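Visitor: Mind looking over this structure? Questions follow.
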Amino acid sequence: MYILLLVLAGILQGCMTSLNAQLGNYYSLFGICFFVHIIAMILLMVYIKGKEKKKFSFRGAPWYVYLVGLMGVSMVASSSWVTLRIGATAMMSLSVIGQMVSSAMVDHFGWFGVEKQKFTLKQLPCYLLVLAGILCVVNG
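Note that the sequence shown ends on residue 132 in my numbering; no numbers are left out.
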């Protein structure tokens, strides 16, 4: 079930990148971010209204979890701009490199409350194989 949800999330992310790029033909980066996040906010408010019975509060979470908003805005803005110039496949493929490096660092150092999972040299060939595949995709 989790694997199917992750595959679906990946499919939607690929579509989202292309749609964001198309918005870039009509609106500025600020406009794109506004539409993406205002729609998400409306959906979240509908969910909270229908699901939650207790008072909604921002208290209790560590300060760094709120950086996700900044990361989301920068991702939408950069992917929109880049996709128009290099295409959706190259953009998504190249972003995988950043995702792999950052997630390996988060796991290795246990950042953001994640349980530490040390990076080992045994994993390096796998990372290099994925990198080689990405470079083949990007360079044709």
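Note that CB positions come from ideal geometry on N, CA and C, so glycine has one too. All values derive from a computational prediction rather than experimental measurement.
Can T9 and A82 be called in contact, C-beta distance under 7 Å?
Guide: Contact: no.
Visitor: What's the gap between the Cα of S70 and the Cα of N12?
Guide: Looking at the two C-alpha atoms, the distance is approximately 10 Å.
Visitor: Skipping 5 residues on each side, what residues in its chain have a beta carbon closer than 6 Å to that of L15?
Guide: Taken in chain order, the residues that qualify are I24.
Visitor: Taking the alpha helix (DSSP H) that Y39 belongs to, which residues open and close that run?
Guide: Run containing Y39: 21 to 43, per the alpha helix (DSSP H) assignment.
Visitor: State buried or exposed for T75, treating a residue as buried only when at least 16 other CB atoms are found within 10 Å of its CB.
Guide: Buried is the call here.
Visitor: Is the distance from the Cβ of M84 to the Cβ of G132 below 7 Å?
Guide: No; because the gap between Cβ atoms is not below 7 Å, this pair is not in contact.
Visitor: The alpha helix (DSSP H) with G90 in it runs from where to where?
Guide: Here the alpha helix (DSSP H) through G90 covers 80 to 101.
Visitor: Cα separation between M63 and V57?
Guide: Their backbone Cα atoms lie some 10 Å apart in a straight line.
Visitor: Can you grab the Cα-Cα spacing for the pair I(-5) / I3, in whole Å?
Guide: Rounded to the nearest angstrom, the two C-alpha atoms are 12 Å apart.
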